[in-house]
Every structure is written in C-alpha cells, then in structure tokens.
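First to last, the sequence lines map onto chains F and Z. Take 1 as the starting number for the first sequence in the working numbering and just add one per residue. Take 1 as the starting number for the second sequence in the working numbering and just add one per residue. Here a beta-carbon is modelled for each residue, glycine too, at the ideal position from N, C-alpha and C. Quick caveat: nothing in here was measured; it's all calculated off a predicted structure.
Protein chains: 2
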Amino acid sequence: MTTTITITAFESSPDRGRGLARDMRVRWALEETGQPYDVRLVSFEAMKKPAHLALQPFGQIPTYEEGDLALFESGAIVLRIAERRPGLLPADADARSRAIAWMFAALSTVEPPIVEREMATYVERGKDWFEARRPILEERIRTRLDQLSRRLGDAPWLDGDFSAGDLLMVTVLRRLESSGLLDATPNLPAYIARGVARPAYKRAFAAQLAVFEAARKA
Amino acid sequence: MTTTITITAFESSPDRGRGLARDMRVRWALEETGQPYDVRLVSFEAMKKPAHLALQPFGQIPTYEEGDLALFESGAIVLRIAERRPGLLPADADARSRAIAWMFAALSTVEPPIVEREMATYVERGKDWFEARRPILEERIRTRLDQLSRRLGDAPWLDGDFSAGDLLMVTVLRRLESSGLLDATPNLPAYIARGVARPAYKRAFAAQLAVFEAARKA
C-alpha cells in the first residue's frame with residue numbers, strides 16, 4: 001500500500017500558468033520518480049491562516065504531506081523525494097553530495113538575486129529610484145549566470161547525469177526567460193531547454209497549467 | 001585511518017573575527033561531530049582565480065575537501081557532515097526530513113532578506129535612495145522574524161533536539177545581532193544565546209577568531 005502524497009499549490013496562479021511557482025519543482029520531482037500525488041489549492045488569504053501556518057510557518061506554498069509527515073521548503077521536499085526513489089540522485093555517495101551542493105547553489109546562491117529583481121518590480125516600480133537600481137540588480141544576476149555558464153560549459157547537466165540539482169537550477173533559471181538576461185550565456189537557455197523537454201517536466205507543467213485553466217473558466 | 005578534511009576560509013576576515021563568514025557553519029558542524037579539520041586561507045584575489053573556481057564555481061568560501069570529494073555551499077557541506085556522524089540529525093526518517101527543511105528555511109527563506117539589507121549597506125549607502133529603502137528592507141526581515149518567532153515559541157530548538165537546522169538558523173540570525181531588528185522577538189535572541197553557548201560553537205568561534213588575530217599581528 002502506498003501512502004497518499006498531498007502537496008499545496010496556489011489556487012490562483014500569479015504567473016498565469018507559466019509554471020514558475022514553487023509547487024512546479026515538487027510536481028516535477030514526483031513525476032521524475034513516478035509517484036502520483038494529490039493537490040490541495042490554497043488562496044492567498046488561507047495561506048496566512050493558522051491551519052496553513054501549522055504546515056508552513058512562513059505562509060508559502062508548497063507543502064508536502066505523506067502519512068504523518070508534513071514538510072515545507074521546496075528544496076527539502078525535492079530532497080526527500082530524491083532520497084527515497086531512484087532517478088534524482090546518483091548512487092555513489094560523493095556524487096550524491098555534489099548533486100545536493102547544486103540544490104543548495106540553485107536556492108541559496110543563484111535564486112536570491114533573481115527573486116530580488118522580481119521583488120523590486122512588484123514593490124518598487126513606482127519609486128523614483130527604480131530605474132537607477134535596475135543595473136545594480138541585473139549586474140548581480142549576470143555575475144552568477146557567467147559563473148554558472150562557465151562551470152556548465154558543454155556538459156548536458158551540472159555534474160554527470162540529470163539530478164535534483166539540475167531540476168532546481170532549471171526552475172530557478174526559468175524565472176529569467178522573459179528578461180533577456182540569459183542571452184549572453186547561450187549554454188544556459190540550451191540547458192533550460194533540455195530540462196523542460198523531459199517527459200516528467202511536461203507532465204508536471206501540464207498539471208499546473210490545468211489548475212490555471214480551470215480557475216479561469218470558473 | 002581517517003581522511004583529512006580541509007576547508008577554506010577568508011585569509012582576512014571581513015567581519016574582524018565576529019564569526020559571521022560561512023566557514024563558521026562548517027567549523028561548528030565539524031566540532032559538533034568531533035572531527036578535526038585543516039583550514040586553507042584564501043585571499044579575495046585568489047578566490048576569483050581558476051584554482052579556487054574549480055572548487056567553488058561562484059568564487060566564495062567555504063569549500064570542503066575530503067579524500068576525492070570536493071564540495072561547496074555551506075548548506076550542502078553541513079548536510080554531508082550531519083549525514084555521516086551522529087549529533088546533527090535525528091535518527092527517525094521523518095524527523096530527519098523536518099530538520100533538513102529547517103536547513104533550507106534558514107538559507108532560502110530567512111537569510112536572503114538579511115543579506116539584502118547588508119548588500120544595500122555595502123553597495124548603495126551613498127545613493128540618495130538608501131534611507132528611503134531602509135524601511136522596505138527591514139519590513140521584509142521583520143515579517144520573517146515574526147513568523148519564525150511564532151513557530152519557535154517557548155521551545156529550545158525548532159523541532160525537537162538541536163539539529164543542523166538550528167545550527168544554520170542560529171548563524172543566519174547572528175547576522176542581525178547589531179541591527180536592533182531582533183528586539184521585537186525576544187525568544188530569538190534567547191535561541192541564539194542557546195546556540196552560541198554550546199561547547200562546539202565556542203571551539204569553532206575561537207578557531208576562526210584565531211585566524212583574525214594572527215592576521216592582525218602579522
């Protein structure tokens with residue numbers, strides 16, 4: 001008997017079904033490892049209420065419930081999934097640690113300046129310093145992209161076979177797809193393209209898009 | 001026979017020995033698990049050179065070398081240490097996943113707005129928007145601190161016994177010690193105090209302080 005896995009996602013996708021919300025990472029990992037899952041949709045109001053905060057102390061999505069276990073943080077959820085089923089982490093212990101290093105690199109080193117640029121767009125667009133700060137924010141992102149691009153080189157994935165590190169890095173880089181910032185490092189759009197061409201990615205993407213389409217019709 | 005562990009740290013500590021650089025996390029984890037280690041000091045110039053970039057593609061410290069394994073990202077290094085020796089992760093698989101969730105929460109949810117405020121101080125202090133943006137930056141940090149404080153409540157640690165999640169969270173919160181931002185949530189300074197009172201923390205702190213003192217005398 002398999003325990004049912006339930007994740008949470010936005011009831012109303014802020015990106016209009018582009019798959020940039022963090023439930024996409026968990027959906028993709030579940031698809032790569034061939035596991036069915038249920039989705040509970042939560043509204044922005046419900047995310048700040050005690051029932052959701054008991055699962056996710058910072059009032060975000062996704063969460064992950066499996067039997068008695070309740071988890072939060074997309075990185076930790078993807079790691080949990082990757083540890084229990086083959087497909088997302090190498091068998092060799094050292095290679096496994098290196099794949100996990102790329103998971104942390106995606107979330108703690110590459111993603112923060114990308115989120116910062118998005119936050120400025122949401123919060124500070126009307127401020128008189130918005131345009132003046134833009135080159136500062138973009139330069140920080142470019143530095144990380146240059147470093148990542150140099151490390152990736154001609155390889156298909158960051159370290160050997162596709163891993164949970166690549167899964168997170170592709171989802172992080174996708175946040176820049178409409179920014180133009182990826183143009184200077186063509187191996188990174190090609191890397192994203194390899195990620196999103198994976199059948200598991202496509203199934204996960206279709207599932208989150210279906211939520212948006214259903215909400216639009218409702 | 002034990003393989004020698006070598007980590008890297010700043011040759012010249014930018015915080016003057018206050019233990020805020022990320023090698024402190026790795027030193028603390030090694031002390032909690034009773035493992036000796038060597039330290040290779042690197043200059044800011046050397047960090048941008050090919051030899052260091054081969055170990056750390058983003059030109060940062062710390063790195064971790066153990067036999068044939070080379071790792072980067074303090075979160076991944078602490079997790080590697082925690083997985084191989086008792087003391088930093090619970091034995092129960094679900095509790096272990098929850099401790100790892102707090103590791104990711106520390107580095108991907110709590111730390112980024114704290115680093116953002118520091119970056120503004122370094123990079124934008126002279127700009128005419130610096131003062132106007134300060135409340136925006138501080139409000140983002142306060143939101144996270146309020147949420148963390150509510151979750152911690154009266155407990156000594158975030159989830160059961162002290163774990164690698166607490167280790168990372170304490171080092172992240174210490175970055176705010178001189179900011180005044182912790183005053184509104186007194187359980188958080190008390191939580192930091194419990195962390196830094198641990199004998200392993202004290203040994204790690206003394207070791208990084210010795211590097212600063214030696215450099216000052218040289």
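(message) Using a 10 Å radius around the Cβ and a threshold of 16 neighbouring Cβ atoms, would you call Z/G165 buried or exposed?
(response) Buried is the label assigned to Z/G165, since at least 16 other Cβ atoms lie within 10 Å of its Cβ.
(request) Assign Z/P113 to buried or exposed, taking buried as 16 or more other Cβ atoms, counted over all protein chains shown, within 10 Å of its Cβ. (result) Buried is the label assigned to Z/P113, since at least 16 other Cβ atoms lie within 10 Å of its Cβ.
(message) Does the contact criterion of 3 or more C-beta pairs under 8 Å hold for the stretch 77-91 of chain Z versus the stretch 44-56 of chain F?
(response) Because the criterion of three Cβ pairs below 8 Å is not met, the stretch 77-91 of chain Z and the stretch 44-56 of chain F do not touch.
(message) From the DSSP secondary-structure annotation, give me the bridge partner or partners of Z/F72.
(response) Beta-bridge pairing links Z/F72 to Z/T63.
(message) Taking the beta strand (DSSP E) that F/F10 belongs to, which residues open and close that run?
(response) Unbroken beta strand (DSSP E) run through F/F10: I5 to F10.
(request) Would you check if the distance between the CB atom of F/I141 and the CB atom of F/R125 is smaller than 9 Å? (result) For F/I141 and F/R125, no; Cβs fall outside 9 Å.
(request) Would you list, in chain order, the members of the stretch 74-96 of chain F that have their beta-carbon closer than 7 Å to a beta-carbon of chain Z? (result) Here the close residues are G75, A76, L79, R80 and D94.
(request) Please name the residues in the stretch 60-71 of chain F whose beta-carbon is closer than 7 Å to at least one beta-carbon of chain Z, in chain order. (result) Within the stretch 60-71 of chain F, the qualifying residues are D68, L69 and L71.
(request) Output yes if chain F places a C-beta closer than 9 Å to the C-beta of Z/M103; else output no. (result) Closer than 9 Å: yes.
(request) Just the chain F side, please: which residues come within less than 7 Å of Z/E116 by C-beta, in chain order? (result) Correct list: E116.
(message) Between F/S108 and chain Z, is the shortest Cβ-Cβ distance under 9 Å, so that the two count as touching?
(response) True, the Cβ-Cβ gap to chain Z drops below 9 Å.
(message) So, with DSSP's three-state summary, where would you put Z/R85?
(response) Z/R85 falls in the coil class under three-state DSSP.
(request) Could you spell out where the beta strand (DSSP E) holding F/L41 opens and where it closes? (result) According to the DSSP assignment, F/L41 belongs to the beta strand (DSSP E) that extends over D38 to V42.
(message) Within 9 Å of any Cβ in chain Z, is that where the Cβ of F/D128 sits?
(response) F/D128 counts as touching chain Z.
(request) Out of F/R40, F/G19 and F/R22, state which residue places its alpha-carbon closest to the alpha-carbon of F/I5. (result) For the residues F/R40, F/G19 and F/R22, the minimum Cα distance to F/I5 belongs to F/R40.
(request) Determine the direct distance from the alpha carbon of F/E32 to that of Z/T63, and round the result to whole angstroms. (result) One C-alpha to the other measures close to 30 Å.
(request) In the DSSP assignment, find the unbroken alpha helix (DSSP H) run with F/K202 in it and report its ends. (result) Per DSSP, F/K202 belongs to the alpha helix (DSSP H) from P199 to K217.
(message) List, in chain order, every chain Z residue whose beta-carbon is nearer than 9 Å to that of F/Q147.
(response) Here the neighbours are L53, P57, F58 and G59.
(request) Would you be able to state if there are at least three C-beta pairs under 8 Å between the stretch 63-73 of chain F and the stretch 95-104 of chain Z? (result) With a cut-off of 8 Å, the stretch 63-73 of chain F and the stretch 95-104 of chain Z count as touching, because enough Cβ pairs lie within range.
(request) Could you tell me which chain Z residues have their CB closer than 7 Å to the CB of F/V123, listed as they occur along the chain? (result) Residues of chain Z passing the Cβ test: I136.
(message) Using only CA atoms, which one of Z/F44, Z/R27 and Z/V26 lies nearest to Z/F10?
(response) When C-alpha distances from Z/F10 are compared across Z/F44, Z/R27 and Z/V26, the shortest belongs to Z/F44.
(message) Would the stretch 189-209 of chain F count as touching the stretch 18-31 of chain F if we require 3 or more Cβ pairs under 8 Å?
(response) Three or more Cβ pairs drawn from the stretch 189-209 of chain F and the stretch 18-31 of chain F lie within less than 8 Å of each other, which places the two stretches in contact.
(message) Between F/P156 and chain Z, is any beta-carbon pair separated by less than 9 Å?
(response) Among the residues facing chain Z, F/P156 is not included, as its CB has no counterpart in that chain under 9 Å away.
(request) Report yes if the CB atom of Z/I192 is closer than 9 Å to the CB atom of Z/E213, and no otherwise. (result) No.
(message) Could you check whether the Cβ of Z/I100 sits closer than 9 Å to any Cβ belonging to chain F?
(response) True, the Cβ-Cβ gap to chain F drops below 9 Å.
(request) Give the secondary structure of Z/E177 by DSSP, where H, G and I count as helix, E and B as strand, and everything else as coil. (result) Look at Z/E177 here: in three-state DSSP terms it is coil, with no helix or strand label.
(request) Measure the alpha-carbon distance for F/R144 versus Z/P50 and round it to whole angstroms. (result) Taking the straight line from one Cα to the other gives about 16 Å.
(request) Taking Z/R151 as the query, report the chain F residues whose CB atoms sit under 7 Å from its CB, ordered along the chain. (result) Correct list: P57.
(request) Output the distance between the C-alpha atoms of F/V211 and F/S108, rounded to the nearest integer angstrom. (result) Spanning the two alpha carbons is a distance of roughly 29 Å.
(request) Could you list which residues in chain F have their beta carbon closer than 9 Å to that of Z/R144, in chain order? (result) Residues of chain F passing the Cβ test: F58.
(message) Which same chain residues end up closer than 7 Å to Z/D146 when comparing Cβ atoms and leaving out the 5 residues on each side of it in sequence?
(response) So the qualifying residues of the chain are T185.
(message) Once the 5 residues before and after F/A200 are set aside, which same chain residues still bring their CB inside 8 Å of it?
(response) So the qualifying residues of the chain are W28, E31 and E32.
(request) Using a Cβ cut-off of 9 Å (strictly closer), state whether Z/P112 contacts chain F. (result) Answer yes: the Cβ-Cβ gap between Z/P112 and chain F drops below 9 Å somewhere.
(message) Which residue marks the beginning of the alpha helix (DSSP H) containing Z/Q147, and which one marks its end?
(response) Start and end: F130 to L152.
(request) Count the other CB atoms, across all protein chains shown, that sit within 10 Å of the CB of F/E66; report buried if there are 16 or more and exposed otherwise. (result) F/E66 is buried by the Cβ-count criterion.
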